[in-house]
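Numbering (UniProt numbering), first residue to last: 1 to 263.
What follows is a single structure, written as structure tokens, with notes after it.
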Amino acid sequence: MDTLPPPQDTDGRDEIEPINATPAYKLVAAALERLIVSGKVKPGEAIGTEAELVKKFGVNRSTVREGIRLLEQGGLIRRDSSRRLYASVPRYDRLACRISRAFVLHEVSFRELWESMTAIETAVVELAAERITPDLLGELDLNLKKTARMIDSPADLAQLDVEFHAIVSKAAGNRVLQLAREPSNLLLHPSDEMLFKISPIAAQRNLKAHAALLDALHKHDKAEAVLWMRRHLNDWKKAFELLGKSLDEPIDRICADHILEMQ
């Protein structure tokens, strides 16, 4: 026997759901983003001025301005000195900041960072050993000389460490790997400076590892480059534990503060 449906209010209110209207500025941002991501407007090509976009979209200037602001924050739009708008490619560091913030919010541990960095950096250096150019080898030679001179300056040493690995990443010639390594690198940078401050041995071992890596890259020796990258990252792991912290702790406030400083 068929059952009857439950009774409804006579005015039909039970069947009505709230409507969540999308703000107009978000619709403007989404429309412009589609043009850029689809390739209809390529990086470097003009999008127009705010006034021109007001006419095209049929909305007020503040709506267009808010939509543009969203895309500027994401690195998809830039302005020149004349205030004209151009499609742009988001910078690696800007994308990395967003992902790094997500790591902090999800309480990712240092062990997870170290494991991911080991996987990525060994893949990067293996490709770099095959593809590195004389110009990039020259940049690494110069970096190593500066590192030796700055061995007693933890802040400078930490920055030179970042630059060394960035050059190796560039030498790999793989933009996906180059982008993939940035979020973890951004979070590990503050701990590098702390390590160099409390342990002169850590600074010396860092210099030794960079010298060995550079020698392997000069010889285009993949196996040696991967071996030294693993040793280098294992050294970081051991030195990190000298700070009195467990690798299983979530990323702490120091790293979060460093991300905020990058904004």
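We put the CB at the ideal spot given by N, CA and C, even for glycine.
Here the structure is a predicted model, which means the values were calculated and not measured.
Roughly how many whole angstroms lie between the Cα atoms of residue i and residue j?
| i | j | result |
| --- | --- | --- |
| Thr22 | Ala30 | 11 Å |
| Met1 | Ala24 | In this prediction, Met1 scores a pLDDT of 43, lower than 50, which makes its location untrustworthy; the coordinate-derived value is nonetheless stated afterwards. For Met1 and Ala24, the distance between alpha carbons rounds to 51 Å. |
| Pro250 | Ala46 | 44 Å |
| Ala128 | Gly44 | 29 Å |
| Pro134 | Gly173 | 14 Å |
| Val28 | Phe164 | 41 Å |
| Ala158 | Trp228 | 19 Å |
| Glu126 | Ser184 | 19 Å |
| Leu136 | Ala212 | 16 Å |
| His218 | Ser169 | 15 Å |
| Ile77 | Ser199 | 44 Å |
| Glu261 | Pro190 | In this predicted model, Glu261 has a pLDDT of only 48, less than 50, meaning its place in the structure is not dependable enough to derive any value. |
| Ile151 | Ala203 | 6 Å |
| Lys223 | Ile120 | Per the sequence shown, the amino acid found at residue 223 is Ala instead of Lys. Near 15 Å, if we compare the C-alpha coordinates of Ile120 and Ala223. |
| Val37 | Lys26 | 16 Å |
| Leu4 | Ala51 | For Leu4, the predicted model reports a pLDDT of 49, less than 50, meaning its position is unreliable; a value from the coordinates is still stated below. Computed Cα separation, rounded: 59 Å. |
| Ser81 | Arg131 | 38 Å |
| Val59 | Leu53 | 9 Å |
| Gly75 | Leu177 | 20 Å |
CB-CB under 7 Å to residue i, same chain, minus the five flanking residues each way: which ones, in chain order?
| i | result |
| --- | --- |
| Asp161 | Asp192, Asn206 |
| Ala155 | Glu193 |
| Val41 | Leu35, Ile47, Ala87 |
| Thr122 | Val226, Met229, Arg230 |
By a C-beta neighbour count over all protein chains shown, 10 Å radius and 16 as the cutoff for buried, is residue i buried or exposed?
| i | result |
| --- | --- |
| Gly67 | buried |
| Arg34 | exposed |
| Ile201 | exposed |
| Glu139 | buried |
| Arg181 | buried |
| residue 266 | No answer is possible for residue 266: the residues shown for the chain start at 1 and end at 263. |
| Val89 | exposed |
| Asn143 | buried |
So, at 6 Å on beta carbons, what are the nonlocal neighbours of residue i in its own chain, with the 5 sequence-adjacent residues on each side left out?
| i | result |
| --- | --- |
| Trp114 | Lys237 |
| Thr118 | Leu233 |
| Ser116 | Ser184 |
Closer than 8 Å by C-beta to residue i: which residues in its own chain qualify, once you throw out the five before and the five after it? Chain order, please.
| i | result |
| --- | --- |
| Ala148 | Leu207 |
Length-filtered (3 minimum) beta strand (DSSP E) runs lying within the segment 42-101: 46-48, 77-79, 85-87
Is there contact between the segment 58-65 and the segment 105-125, where contact requires at least three CB pairs shorter than 8 Å? no
Completely contained alpha helix (DSSP H) runs for the segment 195-227, where each covers 4 or more residues: 200-218
Can you give, in chain order, each stretch of the alpha helix (DSSP H) that sits fully within the segment 140-176 and has at least 4 residues? 154-172
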